[in-house]
Amino acid sequence: MASVWPQLENLLDRVQKPARYIGLEQGMQRPEHGPDTVSWLLTYPDTYEIGLPNAGLQILYEILNERPDAVAERSYAPWVDLEELLREGDVPLFSVDTHRPAGTFDVLAFNLSAELTYTNLLNCVDLAGVPVHTAARTEEHPLVLAGGHCTYNPEPMADFLDAVVLGDGEEVVAEICEVLGEWRRSGRPAGSRPDVLRRLAQVPGVYVPSMYDVTYDGEHLVSVTPRHPDVPAQVEKRTVADLAEFPYPKQQLVPLTEVVHDRLNVEVFRGCTRGCRFCQAGMITRPVRERPTAQVEQMVRDGLARTGYDEVALTSLSSADFSGIESVVQSTVSGCGDQAPAGPVSVSLPSLRVDAFTVGVAAQIQRARRTGLTFAPEAGSWRLRQVINKLIREEDLYGAVSSAYSQGWRRMKLYFLVGLPTETDEDTLGIAELARNCVELGREHTANPSVTVSVGGFVPKPFTPFQWFGQNTVAELHRKVGLLREDLRRSRGVQLKWHDPKATLVEGIMSRGDRRLGPVIEQVWRRGGVFQEWSEHFDVDRWLTAMADHGLSPDWYAYRHRTEDEVLPWDHLSAGLHKDFLWQDWRDALDELGLEDCRWTPCYDCGACTGYGIEHVVASAVPPAGGSQGTGQDLATGGAVPVDLRRPMAAKAAS
Amino acid sequence: MRLRLRFTKLGKVRFISHRDVARVWERVLRRAGVPVAITEGFSPRPKVHFGLALSTGHESLGEYLDVDLHPDATAPALEPLAEQLSDLLPPGMEVEAIAEVDRRATSLQQAVTSCTWLYALPDAEPGWLSEQADRLLGADELPVTRTRKGKTVHDDLRPAVVSLEALERLDIRTTDRHPEFPSQGPFLRTELSTQPRGVRPQELLDVFDRPLRAQRTVRLHQWITLDGARHEPLLAATRAPHVTGPPTLAAAETAEDIAGVRAS
Chain H
1 MASVWPQLEN LLDRVQKPAR YIGLEQGMQR PEHGPDTVSW LLTYPDTYEI GLPNAGLQIL
61 YEILNERPDA VAERSYAPWV DLEELLREGD VPLFSVDTHR PAGTFDVLAF NLSAELTYTN
121 LLNCVDLAGV PVHTAARTEE HPLVLAGGHC TYNPEPMADF LDAVVLGDGE EVVAEICEVL
181 GEWRRSGRPA GSRPDVLRRL AQVPGVYVPS MYDVTYDGEH LVSVTPRHPD VPAQVEKRTV
241 ADLAEFPYPK QQLVPLTEVV HDRLNVEVFR GCTRGCRFCQ AGMITRPVRE RPTAQVEQMV
301 RDGLARTGYD EVALTSLSSA DFSGIESVVQ STVSGCGDQA PAGPVSVSLP SLRVDAFTVG
361 VAAQIQRARR TGLTFAPEAG SWRLRQVINK LIREEDLYGA VSSAYSQGWR RMKLYFLVGL
421 PTETDEDTLG IAELARNCVE LGREHTANPS VTVSVGGFVP KPFTPFQWFG QNTVAELHRK
481 VGLLREDLRR SRGVQLKWHD PKATLVEGIM SRGDRRLGPV IEQVWRRGGV FQEWSEHFDV
541 DRWLTAMADH GLSPDWYAYR HRTEDEVLPW DHLSAGLHKD FLWQDWRDAL DELGLEDCRW
601 TPCYDCGACT GYGIEHVVAS AVPPAGGSQG TGQDLATGGA VPVDLRRPMA AKAAS
Chain V
656 MRLRLRFTKL GKVRFISHRD VARVWERVLR RAGVPVAITE GFSPRPKVHF GLALSTGHES
716 LGEYLDVDLH PDATAPALEP LAEQLSDLLP PGMEVEAIAE VDRRATSLQQ AVTSCTWLYA
776 LPDAEPGWLS EQADRLLGAD ELPVTRTRKG KTVHDDLRPA VVSLEALERL DIRTTDRHPE
836 FPSQGPFLRT ELSTQPRGVR PQELLDVFDR PLRAQRTVRL HQWITLDGAR HEPLLAATRA
896 PHVTGPPTLA AAETAEDIAG VRAS
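In order, the protein sequences belong to chains H and V. The numbering of the first sequence is my numbering, which starts it at 1 and goes up by one. The numbering of the second sequence is my numbering, which starts it at 656 and goes up by one.
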């Protein structure tokens, strides 16, 4: 069965958005499968529109297809309408490149970047005709791998994943190809699956859950230990030392239908050391590795000419921090020489730093189609922003907002988290105050300024200083959102949007969960709980019922503060960060102590550089102009508010 | 200067929407460096105009696009441009003809008076199709119920059906030139007028004695009626009296040679 297209094309007349399933993107590859090539199906466990732009998937697609010993194709979760028809017609999950059945690949490699997609992963594996349980798979089945940020605590998915990759995938895929190539050449003899998994477990950065034994004492985890002497007791993440060696994607996929982030995307650096304590990405992707400015400019130039896009996003966790930002912006907007694409090009910075300098850059680049600007102060008071180490002063925000209005923007979006450690109602209401003040500033420039406040419930993540914090209950998050709604009721020009606190609860359970959650995920999936990231499909009761059916307590997983001595489900994995560094940072947070960006100040020895013998790759020796973040300015501005979280924490520790 | 292009939409690419086709064209024109005129104002857009929308899932040998060029731009050589654009378009989309037309020519959407459609119906019996075609053509009226703006209305399809015939197979040249073209017959071919109101191809299949679902539905032509005669839209616009200079048709061959063998 080389292609399912003949069956599939008869189904596509009957589904929404059939363009999701046809491939044909510019940059698509039709690799030659052969007896000596390890075949990878890179799968994003959500819709095509969400999954196609995923940079990690596109980078690995190219790197694998460049190798003589590998081929890679792509797949995305079929929407529920097609899924039903596939099951009815007995048509398996397929690649969009050559429409090959998923089960014929050697590897199903998933990108796991959100907890609520876990059930979709199971659904994709099942649609591929592969048993969802690792233990039930044989030599004839593909290996099921996963990478992405959620794999820093893959324990809830341990029953379903054959292996997991921690960190950057660019280099480790080659080592995995070698192990799997050998397995292929050996003819995958009966009983050889455990051997190949054991060999994979020895590849640095690869974690094979089935090679570890887990012991509990009552409800508490005691240990996760390797079952063989050659399997590492602690799995370290992989880090690419120099981004310049990986100018990928070289042929970014240009879809024929609309997707999110539909533009040229060029990664300007990886990692971030701003040190925001709630931010898992900033912690696990350290250190900062900038791409050389000349390479960025080359990638922008080539990419625009090749794709025909009129927009380029300079991506990273905080692109205004890129040393070459002004140069790149200049060269992009002033045209790209002879290869200039027709019409104006706009540049977007997906993560804007909150200061006037950044807005100045933004003004320069968004000459075409000026839409809205988004800032993320994250918390409503200076006190709480010190707790979370997002060191934006009110002056910075107001400076940024004034500057934006004066340069022609009419709409702003402000992102905040509620349920942060030590948060008081005063902090929460500070959000409303900031928003109102921003609208007020706007009135000097426009009759109808508009500020959208977007509020998400905070989910503590592994490998962050807040990994010990018990998250706010659904009721508490609802109450805080209610406070804001009430307070903003009469505030003209401010719109409030919020993330469903019930979804926040499920994310929280999974984010710091352990292997006992496997049957819960399976039950939710078996009862039809797919596309849980989509509000029309999310159903918290399915999750709570499954938890109850398996004797597990949502409170225990999500709401409980952890103690310093507790064994965490991810203690046998490592993002390089020393646990005592994270604990100290947690204590500093409770003391409302800000921590400067280590890019431009002495090292705190968090472990991310020293542990792996690597360092920051940052062209500029000094912090960028504008704003107080990381610039060594006085961090003690603003009034102090007493924090009482330490007492209940201590009490819990003592009990 | 305005260019009119005729292009195909065949095979897998039939599943992209009309909007998607527009976005694909915008990028392709930029990549080809075609100096497209840009609208003035807050949100500048390239000045391109599409003809009648083709439903997602339907194919076509005759899609049209008008492109206004920047007033300062030098006119591009048309033959190489057609080839260059075809190379940049996704598989199944190909530029088959290109010509300079008068800027004041009526917009495609208003000018087109009828379309010829081909349905591939591999599960149907050729003789029965032929009988049915004769019956429908002989009918005084073909009543249908439609929903328009939330209201149920009764309409007669018959005046819109200009021709209808059953074909056993297609002329081999068509399938040779387009490997993606549906090859499994029998087929129905019909010309449906688009004015005053269009008929969706499925609506015609719905008035058959037994409900029919085409495996593939292909728009073969769009026609513009001028002085009582049918014209292919490129030729119609280039032959208009107010066009100065000779028509610059790069691929003069129209889709008219899609021939088939009649079913009996």
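Backbone N, C-alpha and C define an ideal beta-carbon position, used for all residues, glycine too. Source: prediction; values computed, not measured.
Could you check what DSSP says for residue i in three-state terms: helix, strand or coil?
| i | result |
| --- | --- |
| residue 152 of chain H | helix |
| residue 875 of chain V | strand |
| residue 534 of chain H | coil |
| residue 193 of chain H | helix |
| residue 787 of chain V | helix |
| residue 37 of chain H | coil |
| residue 704 of chain V | strand |
| residue 638 of chain H | Note that residue 638 of chain H has pLDDT 35, beneath the 50 cutoff, so the model's placement of it is unreliable and no number is given. |
| residue 453 of chain H | strand |
| residue 22 of chain H | coil |
| residue 130 of chain H | coil |
| residue 772 of chain V | strand |
| residue 377 of chain H | strand |
| residue 392 of chain H | coil |
| residue 239 of chain H | coil |
| residue 248 of chain H | coil |
| residue 17 of chain H | coil |
| residue 337 of chain H | With a pLDDT of 46 at residue 337 of chain H, under the threshold of 50, the modelled position of this residue cannot be trusted, and the question is left open. |
| residue 607 of chain H | coil |
| residue 27 of chain H | coil |
| residue 838 of chain V | coil |
| residue 260 of chain H | coil |
| residue 660 of chain V | strand |
By Cβ distance, which residues of its chain are closer than 7 Å to residue i, with the 5 residues on each side in sequence left out?
| i | result |
| --- | --- |
| residue 27 of chain H | 251, 252, 253, 254 |
| residue 577 of chain H | 283, 463, 606, 607, 608 |
| residue 867 of chain V | 776, 779, 860 |
| residue 539 of chain H | 529 |
| residue 614 of chain H | 239, 241, 287 |
| residue 841 of chain V | 776, 779, 781, 784, 821, 822, 823, 918 |
Can you find the residues in the same chain that come closer than 8 Å, C-beta to C-beta, to residue i, ignoring five residues on each side of it along the sequence?
| i | result |
| --- | --- |
| residue 189 of chain H | 139 |
| residue 855 of chain V | 710 |
| residue 702 of chain V | 691, 692, 693, 694, 722, 723 |
| residue 439 of chain H | 449, 450, 451, 491, 492, 493, 494 |
For residue i, which residues from the same chain have a beta carbon less than 6 Å from its beta carbon, with the 5 sequence-adjacent residues on both sides left out?
| i | result |
| --- | --- |
| residue 143 of chain H | 107, 162 |
| residue 607 of chain V | Because residue 607 of chain V is not part of the residues shown, which for chain V are 656 to 919, the question remains open. |
| residue 835 of chain V | 665, 666, 747 |
Which partner residues of residue i appear in the DSSP bridge assignment?
| i | result |
| --- | --- |
| residue 216 of chain H | H:221 |
| residue 119 of chain H | Note: residue 119 of chain H sits in no beta bridge, so no partner. |
| residue 656 of chain H | Outside the shown range of chain H (1 to 655) lies residue 656 of chain H, about which nothing can therefore be said. |
| residue 73 of chain H | H:41 |
| residue 346 of chain H | H:311 |
| residue 56 of chain H | BP columns for residue 56 of chain H are empty, so no partner. |
| residue 102 of chain H | Answer is none; residue 102 of chain H lacks a bridge partner. |
| residue 226 of chain H | H:212 |
| residue 147 of chain H | H:111 |
| residue 818 of chain V | V:846 |
Between residue i and the ligand ADP, is there a pair consisting of the residue's CB and a ligand heavy atom that are separated by less than 7 Å?
| i | result |
| --- | --- |
| residue 509 of chain H | Looking for the ligand ADP in the displayed structure turns up nothing, as the structure carries no ligands at all. |
**Asked** Can you list, in chain order, the residues of the segment 667-689 of chain V whose Cβ is nearer than 9 Å to any Cβ on chain H?
**Response** 667, 668, 669, 670, 671, 672, 674, 675, 676, 678, 679, 681, 682, 683, 684, 685, 686, 687, 688, 689
**Message:** Any C-beta of chain H within less than 8 Å: which residues of the segment 709-726 of chain V qualify?
**Reply:** 711, 712
**Item:** Short-range partners of chain H found in the segment 731-750 of chain V, where Cβ spacing is below 7 Å
**Value:** 745, 746
**Asked** At what residue ranges does the segment 530-586 of chain H contain a whole run of the alpha helix (DSSP H), taking only runs of 4 or more?
**Response** 540-549
**Prompt:** In chain order, what residues of the segment 12-25 of chain H put their CB closer than 9 Å to some CB of chain V?
**Reply:** 12, 13, 17, 18, 19, 20, 21, 22, 23, 24, 25
**Request:** Return the residues of the segment 293-316 of chain H that lie within a Cβ-Cβ distance of less than 8 Å from chain V, sorted by chain order.
**Result:** 305, 306, 307, 308, 309, 310
**Item:** the segment 256-281 of chain H: positions lying closer than 9 Å to chain V by Cβ
**Value:** 256, 257, 258, 262
**Item:** Minimum length 4: unbroken alpha helix (DSSP H) runs contained in the segment 678-749 of chain V
**Value:** 733-743
**chain V contacts made by the segment 238-254 of chain H, where a contact means CB separation under 9 Å** = 254
**Request:** Please go through the segment 461-528 of chain H and give each complete alpha helix (DSSP H) segment of 4 or more residues, from N-terminal end onward.
**Result:** 474-488, 501-511, 518-526
**Request:** Please go through the segment 269-324 of chain H and give each complete beta strand (DSSP E) segment of 3 or more residues, from N-terminal end onward.
**Result:** 311-315
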